[in-house]
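Participant: A single structure is presented below for examination.
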Amino acid sequence: MESSLVKRRKITLLFLLGVGLPSLVLSYLAFRGIRNELALTEQRRLDEHRALSRLVSDTIASEIAAAEQALDHSLTGDDSAGSIDPTRALAALKQQQPLIDEVFYVDGAGTIQLPAADLLYHPDGSRTSQAAHSWPAAAAAQWRNAQQQEFQQRRYREAQASYRRTFTTVSDPVLRGEALVAVARVQRKAGQLEAALTSCESLINEYGDVRTMAGLPVGPIAYFERGALLLARGDTTAALDAFLQLYQGLVSGEWMLERGQYRFFAGQAADSIDTIAQRSVGIALDSYRDSLATLKEREAEREERTERLLLFQDATAQDLRTRVLAESEGAAPRGGRFTLESAGQMYLVSLFDRERGDAGTWGLLLDAGVLS
713 MESSLVKRRK
723 ITLLFLLGVG
733 LPSLVLSYLA
743 FRGIRNELAL
753 TEQRRLDEHR
763 ALSRLVSDTI
773 ASEIAAAEQA
783 LDHSLTGDDS
793 AGSIDPTRAL
803 AALKQQQPLI
813 DEVFYVDGAG
823 TIQLPAADLL
833 YHPDGSRTSQ
843 AAHSWPAAAA
853 AQWRNAQQQE
863 FQQRRYREAQ
873 ASYRRTFTTV
883 SDPVLRGEAL
893 VAVARVQRKA
903 GQLEAALTSC
913 ESLINEYGDV
923 RTMAGLPVGP
933 IAYFERGALL
943 LARGDTTAAL
953 DAFLQLYQGL
963 VSGEWMLERG
973 QYRFFAGQAA
983 DSIDTIAQRS
993 VGIALDSYRD
1003 SLATLKEREA
1013 EREERTERLL
1023 LFQDATAQDL
1033 RTRVLAESEG
1043 AAPRGGRFTL
1053 ESAGQMYLVS
1063 LFDRERGDAG
1073 TWGLLLDAGV
1083 LS
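Written out as structure tokens, the structure reads:
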């Protein structure tokens, strides 16, 4: 009995040693082989990823370098100190290099200039300062007399004649524009709608880019006045066209306006179109509504970009000033690529290392969308 039990145990042991153990060893080796294969596959993937990353990095670096070289080429031959006015070369550069979001210049005082930026509007207070314009003695007397007739005596026809004499007395476009605006105003007050419309057309065609002595551009004033006159005359369709033209001109950047000025005129134009559309009966308004909606979309896009650039110009000035000063003192390598962040906005910056005759530095804002 004992012998039979020993025999069975011996058979079991031999089976385990002859079959089970080799199977276990083979299973382990197979498992190790699979793991090694997976590890090799993963290593190949990592190697491929690193190679691709290097390729992308090299490509991006090459594209940035090409953009920097293009800026260098655009600036070559214009070495006058502090020359930061917009030029055709910079505008062409932005069109030819999609990677360039904007070109900027940090002057010796650390102020950031955007010489080629197509802004929807400019910061408040940046455009109103202009050379002083004063009335010559004879014109000044006529101007004061005309204002008394208009605002105190309400003698609009006499005021119109006085403003006309003032207009013919001066040759300065700013003063002539100021006088013609006053002529159109008193013509409207006197009920001379056709004459006022004619004056508005002259203002638009001849003085549209002129600024009044208060710093307001004549063009938007004349366009808005024309729309109001057409509406007063009962020509609703023409009034809609006038206000739409005003809005189109504002959104396309026809006039250099400050933020407050732009928002005032754009708000007035859009509100006028909405009000007329709501009250009008028997006019096909779908095209006006579609045009207004398209303009508002375009306006929103341009305003977002403008605010982003103005934030860069204002909020990052100290950081860039510090970098430029450090470089000019030799505390840091000239130029460089880095990121700046302000108010949730991230800016990819290439600070130019081109030695110029002044203390300023040129640079690029890079378009992250193109890089991605």
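So the sequence shown is residues 713 to 1084, counted in our numbering.
Backbone N, C-alpha and C fix where the C-beta goes; we use that ideal spot for every residue, glycine too.
Computed from a prediction, not measured in an experiment: that's the story for all the values here.
1. DSSP three-state label for Glu913, please.
2. For the beta strand (DSSP E) containing Tyr1059, name the first residue and the last one.
3. Which word fits Val922, buried or exposed, when buried means at least 16 other C-beta atoms lie within 10 angstroms of its C-beta?
4. Check Val1085 in the structure and name its three-state DSSP category.
5. My output table needs one value for Glu970: the three-state DSSP class, helix, strand or coil.
6. What three-state label does DSSP hand Pro929 in the structure shown?
7. Where Gly903 and Gly820 are concerned, what is the direct C-alpha to C-alpha distance, given to the nearest angstrom?
8. The beta strand (DSSP E) spanning Ser1054 covers which residue range?
9. Which residue or residues does DSSP assign as beta-bridge partners of Arg923?
10. Compute the Euclidean distance between the alpha carbons of Ala793 and Glu1053, then round it to the nearest angstrom.
11. For Gly1075, report the span of its beta strand (DSSP E) as first-last.
12. I'd like the list of long-range same chain contacts for Asn857, defined as Cβ closer than 8 Å, with 5 residues on each side in sequence excluded.
13. Gln825 and Tyr817 look like a contact to me (Cβ under 8 Å); what is the Cβ gap, rounded to whole Å?
14. Are the beta-carbon atoms belonging to Leu958 and Phe936 less than 8 Å from one another?
15. By Cβ distance, which residues of its chain are closer than 7 Å to Asp797, with the 5 residues on each side in sequence left out?
16. Looking at the structure shown, is Gln809 part of a helix, part of a strand, or coil, going by DSSP?
17. On the premise that Ala871 lies in contact with Gln861, defined as a C-beta separation below 8 Å, what is that separation, rounded to the nearest angstrom?
18. Please list the terminal residues of the continuous alpha helix (DSSP H) segment that includes Trp855.
19. Return helix, strand or coil for His705, following the three-state DSSP convention.
20. Is Leu1023 near Ala1055, with beta carbons less than 8 Å apart?
21. Helix, strand or coil: which one does DSSP assign to Gln825?
22. Give every residue of the same chain whose Cβ lies closer than 6 Å to the Cβ of Met968, excluding the five residues on either side of it in the sequence, and list them in chain order.
23. What is the rounded straight-line gap between the Cα of Asp1079 and the Cα of Ile772?
24. How many Å lie between Ser786 and Gln809 at the Cα?
25. Is Cys912 closer than 8 Å to Leu887 when the C-beta atoms are compared?
26. Rounded to a whole number of angstroms, what is the C-alpha to C-alpha distance between Arg900 and Glu1015?
27. Check each candidate in Thr910, Asp884, Pro885 and name the one with the smallest Cα separation from Ala896.
Facilitator: Quick answer:
1. helix
2. 1057-1063
3. buried
4. Residue numbering for the chain in the displayed model covers 713 to 1084; residue 1085 lies beyond these limits and cannot be assessed.
5. strand
6. Looking at Pro929 - three-state DSSP - the assignment turns out to be strand.
7. 56 Å
8. Residues 1048-1054.
9. Note: Arg923 sits in a beta bridge opposite Pro929.
10. With a pLDDT of 43 at Ala793, under the threshold of 50, the modelled position of this residue cannot be trusted; read the value that follows with caution. Going from the Cα of Ala793 to the Cα of Glu1053 covers about 30 Å.
11. 1073-1078
12. In the same chain as Asn857, and ignoring 5 residues on each side of it, the C-beta atoms closer than 8 Å to its own belong to Ser874, in chain order.
13. Confirmed, Cβ separation roughly 4 Å.
14. yes
15. Annotation note: pLDDT 48 at Asp797 (below 50); position unreliable, coordinate value reported separately. Result list for Asp797: Pro827, in chain order.
16. coil
17. 4 Å
18. 849-859
19. This structure leaves residue 705 out entirely; the chain is present only between 713 and 1084.
20. yes
21. strand
22. If we look at Met968 and ignore the five residues flanking it on each side, its Cβ neighbours are Arg839.
23. 12 Å
24. 12 Å
25. no
26. 34 Å
27. Thr910
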